[in-house]
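Working notes for the structure below.
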Amino acid sequence: MSLIKYQIFSTVMMLKSFTKAAGQLGLTQSAVSHAVSSLEHDLGFALINRDRSGITVTREGRILLPSINAVLQMDKNVHQEASAILGIKKGVVTVGVFNSISRHLLPKIIHEMDQRYPLVQVRLYEGNYETIEQRLTRGELDCGFVNKLEIKSFQITSLKKDRILCIVSPQSKLYHQKAVSFDQLRKQPFIMPAFGGNHEVKQLLAAHHCKPEIRFELMEENAILAMVRNHLGISILPELVLPDHIAPLKAIPFSEESFRTIGLATRIPPSPAAKCFAEITKELITKLS
290 MSLIKYQIFS TVMMLKSFTK AAGQLGLTQS AVSHAVSSLE HDLGFALINR DRSGITVTRE
350 GRILLPSINA VLQMDKNVHQ EASAILGIKK GVVTVGVFNS ISRHLLPKII HEMDQRYPLV
410 QVRLYEGNYE TIEQRLTRGE LDCGFVNKLE IKSFQITSLK KDRILCIVSP QSKLYHQKAV
470 SFDQLRKQPF IMPAFGGNHE VKQLLAAHHC KPEIRFELME ENAILAMVRN HLGISILPEL
530 VLPDHIAPLK AIPFSEESFR TIGLATRIPP SPAAKCFAEI TKELITKLS
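Written out as structure tokens, the structure is:
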């Protein structure tokens, strides 16, 4: 069985689309469809369900996908190690990122990668904590930004402690305080961030046995800030997701130190390209801290 068939199947499952996979791989959609069908014929069972609503992976495909991704990763490592022997840093690194990383840190990291390792191509997948961890576990990403310090089979490099702040409007009773307690959040109209999974805001509220009156649950930070700006409630957000200027709103720290830990998860062993990305990321964040 050819590696190209594995690559095509893996790309289709990552992008959940024959059309998008064809675009990324530089192939026609019919060539992508034919390759997947050929792989299914070689294996003797279906890998993908196809219907009008889209595509989904079969039970058999779900079982095989991590092993297929592991084969592709090893092939990629061989080529990258060969380039390293020749003194050339070359390859592709696929990175999972979430919104605040994309906005504040990623442009600097990519710029430095381009300057120091111009032959290393960085591919990005943007998602939330939950989807990034899932794609790491399935072998679809070389590395990814996470909010955990431990994921099985991955090395986690702790990068930054990001303060978690209370966001209030001028009409809030909390507006002129220098610090806010969790007791003061009770019975306050609250805009809950919906970052996916049991994220740090939910964890923080649970740890302090605080149950605010949730009016809305929103994914997009600008929408949350707009709600607060229109005096519809208060919220809690990590500092990195905030724009440089949020006036007339205020971001007030909590009386009990509250933060999230941002880390970079890399598979063990990492590919040479992933090593380059991890080294530059840690170096830049250390300088910026």
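Quick note: the sequence shown uses our numbering, first residue 290, plus one each step.
Glycine included, C-beta positions come from ideal geometry on N, C-alpha and C.
Run through the DSSP bridge pairs and tell me what ASN338 is partnered with. DSSP output for ASN338 lists THR345 as bridge partner(s).
So within the region 473 to 534, which uninterrupted beta strand (DSSP E) runs reach at least 3 residues, ignoring any that extend past its ends? If you keep only unbroken beta strand (DSSP E) runs of at least 3 residues inside the region 473 to 534, you get 478 to 482, 502 to 507, 523 to 527.
Start and end of the beta strand (DSSP E) containing THR575? Boundaries for THR575: no beta strand (DSSP E) harbours it, while the alpha helix (DSSP H) harbouring it runs 561 to 577, taken from the DSSP string.
Return yes when the Cβ of LEU507 is within less than 9 Å of the Cβ of ALA483, no when it is not. Contact: yes.
Span of the alpha helix (DSSP H) holding SER389? 388 to 393 is the extent of the alpha helix (DSSP H) around SER389.
Once you ignore the five residues that flank GLU370 on each side, which residues in its own chain have a CB closer than 8 Å to its CB? These residues qualify, in order along the chain: PRO561.
Grouping DSSP H, G and I as helix and E and B as strand, with all else coil, what is GLN460? The three-state secondary structure of GLN460, taken from DSSP, is coil.
Measuring only the C-alpha atoms, how far is ARG504 from TYR464? C-alpha separation (whole angstroms): 20 Å.
Between which two residues does the beta strand (DSSP E) containing PHE548 stretch? 548 to 556 is the extent of the beta strand (DSSP E) around PHE548.
Would GLU415 pass as a contact of VAL382 if the rule is Cβ separation under 9 Å? Cβ atoms of GLU415 and VAL382: not closer than 9 Å.
Would ALA554 pass as a contact of PHE434 if the rule is Cβ separation under 9 Å? The answer is yes: Cβ separation under 9 Å.
If you follow the alpha helix (DSSP H) that GLU422 is part of, which residue opens it and which one closes it? Taken as a continuous stretch (DSSP letters only), the alpha helix (DSSP H) holding GLU422 covers 418 to 426.
Sequence-distant residues of the same chain with beta carbon closer than 8 Å to VAL346, five excluded per side: So the list reads MET302, LEU336, ILE337, ASN338, LEU354, once near-sequence residues are dropped.
Buried or exposed for PRO407, please, with buried defined as at least 16 other CB atoms from any protein chain shown within 10 angstroms of its CB. Exposed is the call here.
Using 8 Å as the threshold, is the region 539 to 554 in touch with the region 435 to 445, meaning 3 or more CB pairs across them? Cβ pair count under 8 Å is three or more, so yes.
Which residue's Cα is closest to the Cα of ILE528: HIS393, GLY312, THR317, GLU329? Per the sequence shown, residue 528 should be read as Glu rather than Ile. Looking at the Cα atoms, HIS393 is the closest of the given residues.
Three or more C-beta pairs below 8 Å linking the region 356 to 367 and the region 293 to 300: The answer is yes - the region 293 to 300 touches the region 356 to 367, with three or more Cβ pairs under 8 Å.
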